[in-house]
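> First residue of the sequence shown: 1, per the UniProt record's numbering; consecutive thereafter.
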Amino acid sequence: RLLERAAKRSDQTGAGSSTALPVIETQAGDVSAYIPTNVIPITDGQICSETELFYRGIRPAINVGLSVSRVGSAAQLRAMKQVRGSSKLELAQYREVAAFAQFGSDLDAATQALLNRGARLTEVPKQPQYSPLPIEKQIVVIYAAVNGFCDRMQLDRISKYERAIPSSIDPELLKYLLDKGGFTNERKMEPDASLKESALPYL
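So this is what it looks like as structure tokens:
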């Protein structure tokens with residue numbers, strides 16, 4: 001009942017809103033237990049974190065396969081919706097395949113490509129503590145990752161490449177992305193030359 005009181009009130013009832021943020025501890029990551037299954041339908045989404053991911057240095061340690069937003073992409077900038085594309089699915093597939101890949105050495109080219117891209121997509125969102133990138137710069141960094149500019153790069157060099165990316169991009173393009181502009185066919189190719197050139201020292 002407490003959670004169901006979270007709502008936006010009409011002007012006739014005094015206006016304002018109250019937000020509920022339930023935090024649930026799961027046992028061995030089991031979200032099908034009694035409490036999670038009763039709380040999840042009430043909320044607008046859930047963020048599921050995992051201890052294993054935390055200790056592997058993936059922070060925030062979010063399980064992208066179990067985490068859901070029912071608001072969806074409606075709250076995202078148009079450009080962010082475009083660049084993130086299938087990255088959530090790729091990350092979920094990567095973590096699933098990576099768990100099995102450690103037991104075998106015979107991997108086909110498609111699996112190797114999935115593992116390679118997934119490792120880099122995992123590395124890219126990491127940011128220094130208390131120093132998050134502005135959203136328009138995040139868009140360009142994710143664009144670089146999903147379009148393969150990091151694929152030939154060693155993992156320990158990706159953070160340096162990320163720091164070099166924003167200064168190599170036309171400030172007008174960054175402003176355009178922030179003002180809810182998306183990557184049109186004409187605009188989509190604009191950052192490619194700069195991203196390719198700034199990647200060369202880190203290959």
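We treat Cβ as the ideally placed atom computed from N, Cα and C, and that holds for glycine. Since this is a predicted model, take the numbers as computed values, not measurements.
Could you tell me how far apart the beta carbons of Ser49 and Ile62 are, in whole angstroms, since I believe they sit closer than 8 Å?
About 6 Å; that satisfies the 8 Å criterion.
> Beta carbon of Glu90, beta carbon of Leu121: below 8 Å?
Result yes, Cβ atoms of Glu90 and Leu121 sit closer than 8 Å.
> CA-CA distance, Val146 and Ser67?
Those two C-alpha atoms are separated by around 20 Å.
> Locate the alpha helix (DSSP H) running through Ser32, then write down its first and last residues.
Note, Ser32: premise wrong, no alpha helix (DSSP H); not H, not E.
> Would you identify the three-state DSSP class for Gly57, choosing helix, strand or coil?
Gly57: coil per DSSP, three-state reduction.
> Following the continuous alpha helix (DSSP H) through Leu173, name the residue where it begins and the one where it ends.
Counting along the chain, the alpha helix (DSSP H) containing Leu173 begins and ends at 171-178.
> Jot down the residue ranges of each uninterrupted alpha helix (DSSP H) in the UniProt domain "ATP synthase alpha subunit C-terminal" (76-183), minimum 4 residues, whole runs only, in chain order.
Runs of the alpha helix (DSSP H) inside the UniProt domain "ATP synthase alpha subunit C-terminal" (76-183): 78-84, 87-101, 109-123, 135-146, 158-168, 171-178.
> Is Ala7 helix, strand or coil by DSSP?
If DSSP states are grouped into helix, strand and coil, Ala7 belongs with the strands.
> Below 8 Å on the Cβ atoms is my guess for Asp151 versus Asn116; work out the distance and round it to an integer in Å.
Their Cβ separation, rounded to whole angstroms, is 6 Å, which keeps Asp151 and Asn116 in contact under 8 Å.
> Are the beta-carbon atoms of Pro166 and Val140 separated by less than 8 Å?
It is a contact, given that the beta carbons lie within the stated cut-off.
> Based on DSSP bridge pairs, tell me the residues matched to Gln46.
Per DSSP, Val68.
> Which residues bound the alpha helix (DSSP H) around Ser194?
First-last of the alpha helix (DSSP H) with Ser194: 190-199.
> Quick check on Ile24: does DSSP put it in helix, strand or coil?
Three-state DSSP puts Ile24 in coil, outside helix and strand.
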